[in-house]
Ligand code: FES
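Residue numbers (the numbering used here): 472 to 555.
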């Protein structure tokens with residue numbers, strides 16, 4: 472068992488199973504098993520999942536469209552919003 476998305480605890484086997492069920496884009500996988508939606512927002516898994524998709528679909532990795540990427544949020548102290 473190889474964990475691919477640590478934030479959402481998803482394995483390579485699960486991802487391959489979903490691809491075989493017909494989920495053939497990064498957005499499909501994102502919506503069905505939440506990969507790339509964890510705390511790191513896909514920093515840790517996007518490239519790996521793209522390579523798995525490319526391998527399973529028999530296409531070059533460049534042909535895999537990346538999902539919308541948003542930087543992770545981090546807490547900001549309330550004092551940062553106060554006027555000085
Ligand atoms: S490792 Fe997949 S969202 Fe963080």
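Backbone N, C-alpha and C fix where the C-beta goes; we use that ideal spot for every residue, glycine too.
Around the beta carbon of residue 507, 16 or more other beta carbons lie within 10 angstroms, which makes this residue buried. If you check the CB distance, residue 473 and residue 527 do not come in under 9 Å.
In the three-state reduction of the DSSP assignment, residue 475 falls in the strand class. In the displayed model, residue 510 falls within coil according to three-state DSSP, outside both helix and strand. Between residue 523 and residue 483, the C-beta gap is smaller than 9 Å, which places the two residues in contact.
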